[in-house]
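Residue numbers (our numbering), protein chains in the order written: chain A, 2 to 115; chain B, 2 to 116. Each residue gets a CB set at the ideal place from its N, CA and C atoms; glycine is no exception. Note that the structure is a prediction, hence the values are computed from the model and not measured. What follows is a short report on a single structure.
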Amino acid sequence: EAQVTQNPRYLITVTGKKLTVTCSQNMNHEYMSWYRQDPGLGLRQIYYSMNVEVTDKGDVPEGYKVSRKEKRNFPLILESPSPNQTSLYFCASSLARRRDEKLFFGSGTQLSVL
Amino acid sequence: GESVGLHLPTLSVQEGDNSIINCAYSNSASDYFIWYKQESGKGPQFIIDIRSNMDKRQGQRVTVLLNKTVKHLSLQIAATQPGDSAVYFCAGLRWGMDSSYKLIFGSGTRLLVRP
Chain A
2 EAQVTQNPRY LITVTGKKLT VTCSQNMNHE YMSWYRQDPG LGLRQIYYSM NVEVTDKGDV
62 PEGYKVSRKE KRNFPLILES PSPNQTSLYF CASSLARRRD EKLFFGSGTQ LSVL
Chain B
2 GESVGLHLPT LSVQEGDNSI INCAYSNSAS DYFIWYKQES GKGPQFIIDI RSNMDKRQGQ
62 RVTVLLNKTV KHLSLQIAAT QPGDSAVYFC AGLRWGMDSS YKLIFGSGTR LLVRP
């Protein structure tokens, strides 16, 4: 089944404790992206990657890192989480070809930073 | 700056009625628009899309209308069912000259279906 898989679904951590949220897609998509979703603010892009070893900042990159060493994986790293990073996170992927731009989303990771 | 937004945070409709969810955008350079449905506890799911060279596109029970003159997008759901209850997002996508790819989401409208 074609899908974007994020782990974990739920995560509670404390300020300053490094964490990684994994994301994997099995559709051979070139484009991958991370979003955070906060009430009243919709989905805001954190980082995106157009292809392997190519990553760029989105609209809210501060406090986050990403890597794209393989096409299928795009982990989101919080080196020193803070309470304002408490949010619902989504990973997404697409072919990002003109005329085929549909974005597929994972099921989300609810992160709470205490 | 560019933005994509929705008119109403919540829309309540009677089961069986038609629903219309609206969205406005500010960037006339957007090439492509998508509507997503997000059910509680799930990620956004693609519903329907439309390109900027079209003004209407129909799917199964859903129709998207695009009015580029007033930069307005709407999603119409026919014969709304309880399973349509969700948050609906519109998103606008723009391809840059450098092949960059930017998708901007609105804040969402929660559709509530009354039995």
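DSSP places N85(A) in the helix class (H, G or I) of the three-state scheme. In this structure, the alpha-carbon of K70(A) lies about 17 angstroms from that of Q7(A).
Pairing I48(B) with K38(B) gives a Cβ-Cβ distance under 7 angstroms.
Under DSSP, K38(B) forms a beta bridge with Q46(B), Y89(B).
About 16 angstroms separates the CB atoms of M51(A) and F105(A); that is not less than 8 angstroms, and the two are not in contact. Residues of chain A with a Cβ closer than 9 angstroms to the Cβ of G44(B) are, in chain order, V5, Q7, F91, C92, A93, F105, F106, G107, S108, G109. DSSP, reduced to helix, strand and coil, places G84(B) within a helical segment of the structure shown. Q7(A) has C24(A) as its beta-bridge partners, per DSSP. Under the three-pair Cβ rule at 8 angstroms, the stretch 56-76 of chain A does not count as touching the stretch 106-114 of chain A.
Beta bridge pairing from DSSP links R45(A) with R37(A).
From the listed residues S53(B), G60(B), Q82(B), I78(B), the smallest Cα separation to N68(B) is found for S53(B). In its chain, beyond the 5 residues on either side, R69 have a beta carbon closer than 8 angstroms to the beta carbon of V55(A). 7 angstroms or more divides the Cβ of G43(A) from the Cβ of G93(B).
Shown here, V61(A) sits in coil according to DSSP, grouped into three states, outside any helix or strand.
Looking from the CA of V22(A), the closest CA among S94(A), Y90(A), R100(A) belongs to Y90(A).
Rounded to the nearest whole angstrom, the C-alpha separation of P84(A) and L96(A) is 34 angstroms.
Identification of residues in the stretch 26-38 of chain A having a C-beta nearer than 9 angstroms to some C-beta of chain B yields Y32, S34, Y36, Q38, given in sequence order.
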